[in-house]
Amino acid sequence: LVPSHWSSLYVSRRGGKLWRDGQLYRFVGANIFYLAWLGAKDSGGQPRLKRELDRLQALGVTNVRILAAAEGPDVARQPCAEWCREDHGHCMNGRWDTHGWQCECTGCSFCNSSAARLGGVLFKHCPGVASMGKIVPSLQPFAGIVNEYMLRGLDYALDALASRGMNAVLILNNMWAWSGGFASYVLWATGEAPPRMGPDATDADWQAHQDFASRFYGTAKAVEIWFGYIRQLLGRRNSVNGRLYREDPAIMAWELANEPRALKKKNAYQTWIRQASGLIKSLDCLHLVTLGSEGATAFPSYVNNNLQSDHEHVDFVTLHIWPQNYLWYNPMTARDVGQAFAHSKAYIEAALNASAAMGKPLVIEEFGIARDNGSHSTTASTKLRDAYFKQMCTFLASTTSQTSGLNFWSWAGEGRPRAAKTIWQPGDEWTGDPPHERQGWYSVYNTDRSTLTVLSECSSLFATQR
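Counting from 641, one number per residue, gives the positions in the sequence shown under this note's numbering.
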């Protein structure tokens, strides 16, 4: 039995709304996917973790969305003979050892001409190149084998959240390769290597990855390996405070995956949702379960998601909103965010109708927009981003009957990239941009004063409009 004084601290769903401590629970939240990595003992990030949470709390942010899973070895075993090809981001003029795992460029026009685009780094060793675009260290480097060091980082993060009365949504898998995700489970189950996803992946690369990753839903062995990780995580006892994860009130919800897409696997996809949510609820009756869906996106016939049927077996509806990615907004030419907000509003209203039909609350889990003129500089203007954030907040705060939360993407805080548009590498500071994306794209820094003012005002709106 959990302590009686904890019972009111769990977030629950009732009457199409979220509740906590007997009060309606509405929140402005932050995506800060790397929190467990800051929490790892020898990373040097624990003091920063505390500072970042204190900053967010001062803004009125009460909820964070974080990774609780990352799969695959920290150094990918990819033969240099295959990597050292111009279409894979390196060169054809190289040498490698007899095993093909270590190589270095012997000097070529491609490397020299690409130095600026690649952040000034001439890749000398394939293992370093292979790790680019993926978060490391992993929490599960090999099938069924967890990284206790990293899980203790997650322990530390959850304890720090609990001490501040904050809640977290824990992401358990990923459609995308930047944390390993579905593709790693397909690899473990079948022995087939996933398609390469470099920092400058083409449309064809993205398509190949999605085709491979979506096989996860219908590959029974892949799903069972993942279920094993879920059982370990929910049964884990926090090394800092002794709480079982399945009893920890700092956890608001378990999220099946980040942005899962049905694509051509609709039946297998929905079966996976039903089975996964059923497993979690059988192991944990105290926490909510959600999907992590982005919704139909701007490409509904391709993505093949359906908010109502996809969310039938979970507790609340999720939505992600990406004006630039959905081709609603071009930061290089835009003079205002009117069109971006108009499309976003229509997208949200459709989701509100779907969630109302289900009697379930809606959480906007991700939304973001680039700095003015598409700049990745940490000091670039955020005038248009601030305007978009403010319009989104004002509108969503007014939808008191259904919208429970709004999470901006993404909090970098004091983290800074090596340089604008570089790709994250091990040893770099964590920012709000995942390792596979050009650093500085969507990050919100602790020095973005005007954006922070908007977020603080947004938190106040959500707290007062109930």
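A virtual CB, placed ideally from N, CA and C, is assigned to each residue, including glycine.
For residue i, does the three-state DSSP call read helix, strand or coil?
i, result
"glycine 1055", "coil"
"valine 1094", "helix"
"glutamate 832", "coil"
"glycine 1123", "Only positions 641 to 1106 of the chain appear in the structure, and residue 1123 is not among them; the question remains open."
"glutamate 1069", "coil"
"alanine 890", "coil"
"threonine 859", "coil"
"tryptophan 866", "helix"
"glutamine 780", "strand"
"leucine 931", "coil"
"valine 943", "helix"
"asparagine 993", "helix"
"asparagine 881", "coil"
"threonine 958", "strand"
"leucine 903", "coil"
"leucine 967", "coil"
"arginine 1106", "coil"
"glutamate 711", "strand"
"isoleucine 920", "helix"
"tyrosine 1085", "strand"
"isoleucine 785", "strand"
"glycine 875", "coil"
"glutamate 604", "Since the first residue of the chain shown is 641 and the last is 1106, residue 604 is not available in this structure."
"serine 1100", "helix"
"leucine 678", "helix"
"alanine 853", "helix"
"lysine 774", "coil"
"aspartate 843", "helix"
Below 8 Å on the Cβ atoms is my guess for residue i versus residue j; work out the distance and round it to an integer in Å.
i, j, result
"valine 1084", "tyrosine 1028", "Not a contact, Cβ separation roughly 12 Å."
"valine 809", "alanine 862", "Not confirmed; about 23 Å, so no contact."
"tyrosine 857", "tyrosine 909", "5 Å"
"alanine 1020", "proline 971", "Not confirmed; about 10 Å, so no contact."
"glycine 821", "alanine 853", "7 Å"
"leucine 658", "serine 1044", "4 Å"
For residue i, tell me which candidate among the options has the shortest Cα-Cα distance.
i, options, result
"asparagine 965", "Phe1035, Arg901, Ala938", "Ala938"
"leucine 678", "Thr911, Leu903, Lys985, Arg691", "Arg691"
"alanine 982", "Leu992, Thr1104, Tyr969", "Tyr969"
"threonine 1091", "Arg1025, Glu1069, Trp1064", "Arg1025"
"glutamine 1042", "Ala844, Phe667, Gly662", "Phe667"
"threonine 830", "Ile865, Ser933, Met837", "Ile865"
"leucine 1046", "Leu1095, Pro1075, Gln1065, Thr1062", "Leu1095"
"threonine 973", "Tyr987, Gly1014, His953", "Gly1014"
"alanine 817", "Pro1074, Ser1099, Thr1104, Cys1098", "Pro1074"
"asparagine 813", "Gln1079, Leu779, Val943", "Leu779"
"serine 1100", "Arg653, Tyr789, Thr702, Ser933", "Thr702"
"alanine 1037", "Leu649, Gly655, Tyr665, Arg653", "Tyr665"
"isoleucine 1063", "Glu1006, Trp1081, Asn807", "Trp1081"
"methionine 815", "Leu801, Met790, Glu711", "Glu711"
"cysteine 1098", "Gly669, Tyr650, Gln663", "Gly669"
"leucine 919", "Leu873, Leu947, Trp962", "Leu873"
"proline 713", "Leu658, Pro777, Arg877, Pro835", "Pro777"
"arginine 660", "Ala890, Thr1104, Ala991", "Ala890"
"glycine 838", "Gln1065, Arg1089, Glu1069", "Gln1065"
"glycine 935", "Ile1004, Thr1018, Gly1053", "Ile1004"
"serine 984", "Ala802, His951, Thr1034, Lys1023", "Thr1034"
"asparagine 945", "His953, Pro963, Pro900, Gly1072", "Pro900"
"lysine 905", "Val880, Val943, Trp962", "Val943"
"arginine 1089", "Leu699, Arg705, Met892, Gln1105", "Leu699"
"isoleucine 811", "His1016, Leu992, His953, Tyr674", "Tyr674"
"lysine 774", "Arg883, Arg1106, Asp1068", "Asp1068"
"tyrosine 789", "Arg705, Pro963, Ser879", "Ser879"
"glutamine 948", "Pro963, Asn993, Arg975", "Asn993"
What does residue i pair with, by DSSP beta-bridge criteria?
i, result
"glycine 669", "Asn703, Asn1047"
"leucine 1135", "Residue 1135 lies beyond the stretch modelled for the chain, which goes from 641 to 1106, so this question has no answer here."
"asparagine 807", "Asn703"
"glutamine 663", "Arg660"
"glutamate 895", "Ile811, Thr930"
"phenylalanine 822", "Per DSSP, none; premise fails for phenylalanine 822."
"tyrosine 987", "Tyrosine 987 is not bridged to any residue."
"leucine 1002", "Val957, Thr1043"
"arginine 654", "Lys657"
"isoleucine 1063", "Answer is none; isoleucine 1063 lacks a bridge partner."
"phenylalanine 1007", "Ile961"
Cβ pair count under 8 Å reaching 3, the stretch 998-1011 against the stretch 953-966: Touching, per the Cβ criterion.
Touch test, the stretch 825-845 against the stretch 771-788, Cβ-Cβ under 8 Å, three pairs minimum: These segments touch.
Segment contact, 8 Å Cβ cut-off, at least three pairs: the stretch 845-856 with the stretch 918-934: Contact between the stretch 845-856 and the stretch 918-934 is absent, with fewer than three C-beta pairs closer than 8 Å.
The stretch 796-807 in contact with the stretch 687-702 per 3-pair CB rule at 8 Å: Contact holds: three or more Cβ-Cβ distances are below 8 Å.
Any 3 or more C-beta pairs closer than 8 Å across the stretch 883-901 and the stretch 911-922: The stretch 883-901, when compared against the stretch 911-922, does touch it at the 8 Å Cβ threshold.
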